[in-house]
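If you're matching them up, the sequences are chains P and A in order.
As numbered in the working numbering, residues 82 to 194 make up the first sequence, in order.
As numbered in the working numbering, residues 223 to 449 make up the second sequence, in order.
No residue lacks a Cβ here, since even glycine has one placed at the ideal position from N, Cα and C.
Comments concern the structure below.
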Amino acid sequence: MSVRSELLKGILDGCVLAIIEKETVYGYELSTKLKKVGLDDVSEGTIYPVLLRLQKNSWISGEMRASESGPRRKYYTLTTDGKEALELIRSEWEKLAEPVITLLKGEVDHGDN
Amino acid sequence: MVTTKELIKENNEKREQLTEENEQYYTNILVYIRSKFLLSERATEELLMEMLEHLLEGQQDGKSAEEIFGGDPRAYADEVIGQMPKEKKKNQLLFGIQLIFSVLGWMVIARGAILGVLSFIKPADEHIYLASTAAMVVAVLMMTAVGVLLLMNMVNKTAFEEKKSTWKFAVIGGISGVLVFGLFMGIAFFFKGRGPAFEFPWLASLLVGFVLLLMSQWIARKNEGTS
Chain P
82 MSVRSELLKG
92 ILDGCVLAII
102 EKETVYGYEL
112 STKLKKVGLD
122 DVSEGTIYPV
132 LLRLQKNSWI
142 SGEMRASESG
152 PRRKYYTLTT
162 DGKEALELIR
172 SEWEKLAEPV
182 ITLLKGEVDH
192 GDN
Chain A
223 MVTTKELIKE
233 NNEKREQLTE
243 ENEQYYTNIL
253 VYIRSKFLLS
263 ERATEELLME
273 MLEHLLEGQQ
283 DGKSAEEIFG
293 GDPRAYADEV
303 IGQMPKEKKK
313 NQLLFGIQLI
323 FSVLGWMVIA
333 RGAILGVLSF
343 IKPADEHIYL
353 ASTAAMVVAV
363 LMMTAVGVLL
373 LMNMVNKTAF
383 EEKKSTWKFA
393 VIGGISGVLV
403 FGLFMGIAFF
413 FKGRGPAFEF
423 PWLASLLVGF
433 VLLLMSQWIA
443 RKNEGTS
């Protein structure tokens with residue numbers, strides 16, 4: 082597994098929730114949107130285990146219906162629990178991201194001077 | 223809302239739009255996931271339909287199943303299965319009862335039909351011997367359960383084999399057929415005429431069998447509604 086997908090693993094749930102928060106989507110649409118924002122090396126199939134897990138947590142709910150053009154699609158919406166979970170992920174990510182960025186840029190003096 | 227049965231039917235129709243290579247890849251996954259029969263049937267069929275629609279849409283954009291779901295279909299399927307909801311206990315129980323009714327129904331019908339034909343040739347013994355019958359019923363139900371589990375297991379194990387070894391299925395099927403037949407003959411012979419008896423004419427047998435099958439159907443429909 083590449084470093085990138087290893088790193089992404091923990092935060093992919095949050096990314097998927099953030100997309101679904103904006104609008105109701107179905108699987109293929111979701112994978113296209115992930116690609117569009119730049120997460121283009123996530124294999125498309127990866128989203129289905131994620132979607133199943135999020136449904137199990139009752140963070141999203143899926144409804145199967147036929148679209149006007151024919152295909153049968155399952156549309157996902159965020160639940161109230163999902164909204165809360167997303168908020169938590171957002172704030173935790175912020176708390177993490179800043180120190181990590183600073184650290185990895187090497188701008189920290191290690192307090193030994 | 224679309225029923226699970228309709229989803230299965232639609233899946234069969236839509237699979238034909240896949241290219242040969244994609245169809246092979248997808249069908250292997252489908253067989254593998256469906257053979258895990260403790261999973262919620264509804265969730266299974268919804269997921270399979272989602273994957274199929276995804277594949278069809280990807281196919282139009284020139285993508286292959288391998289590009290979409292990865293180079294290791296078994297690992298991918300296992301990952302998906304790990305997140306799938308299990309079938310509710312109540313539905314599992316109803317499914318078991320439905321199966322028992324159906325097996326019993328066919329047994330009683332077969333008995334009625336055989337005795338019916340026999341009685342035209344010579345007077346047949348139309349009594350039910352409780353102990354003999356109980357032994358036979360237990361044996362048949364157990365064989366059915368073991369048979370279904372073994373078959374599911376084999377399908378599950380061979381789902382991703384390049385060349386499906388049909389001869390292996392045939393040989394194992396043949397051997398188990400002989401064993402099962404032998405077992406039933408043995409029971410029929412050694413448990414002949416045991417226990418209290420009552421008369422159960424062949425026509426009544428056919429009728430009761432038919433009612434059992436109807437009940438099995440009724441349970442199946444009830445089950446479909448709640449899963």
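Under the DSSP assignment, residue 158(P) falls in the beta strand (DSSP E) whose first and last residues are 153 to 159.
Residue 323(A) sits buried, since 16 or more C-beta atoms from the chains shown fall within 10 Å of its C-beta. The three-state reading of DSSP puts residue 112(P) in helix, counting H, G and I together. Membership of residue 254(A) in the alpha helix (DSSP H) is indicated by the continuous run 242 to 256.
Of all residues in the stretch 284 to 300 of chain A, only 290, 291, 292, 298 place a beta-carbon less than 7 Å from a beta-carbon of chain P.
Residue pairing from DSSP leaves residue 353(A) without any beta-bridge partner. The three-state reading of DSSP puts residue 374(A) in helix, counting H, G and I together.
Per DSSP, the beta-bridge partners of residue 146(P) are 154(P). DSSP places residue 419(A) inside the beta strand (DSSP E), whose first and last residues are 419 to 421. Three or more beta-carbon pairs drawn from the stretch 265 to 275 of chain A and the stretch 232 to 239 of chain A are found closer than 8 Å, and the two stretches are therefore classed as touching. Bridge partners of residue 261(A) according to DSSP: 308(A). Between residue 91(P) and chain A, the shortest Cβ-Cβ separation is not below 9 Å. Judged by DSSP in its simplified three-state form, residue 131(P) adopts helix.
Within the DSSP secondary-structure output, residue 141(P) pairs in a beta bridge with 159(P).
DSSP places residue 360(A) within a helical segment (H, G or I) once states are collapsed to three. Under the Cβ distance rule, residue 134(P) counts among the residues neighbouring chain A, one pair being separated by less than 9 Å. Any Cβ of chain P closer than 9 Å to the Cβ of residue 279(A) would place that residue at the interface, and such an atom is present.
Neighbours of residue 87(P) across chain A, judged by C-beta separation under 7 Å, do not exist; the nearest C-beta is about 15 Å away. Our two residues, residue 440(A) and residue 225(A), have alpha carbons roughly 16 Å apart in a direct line.
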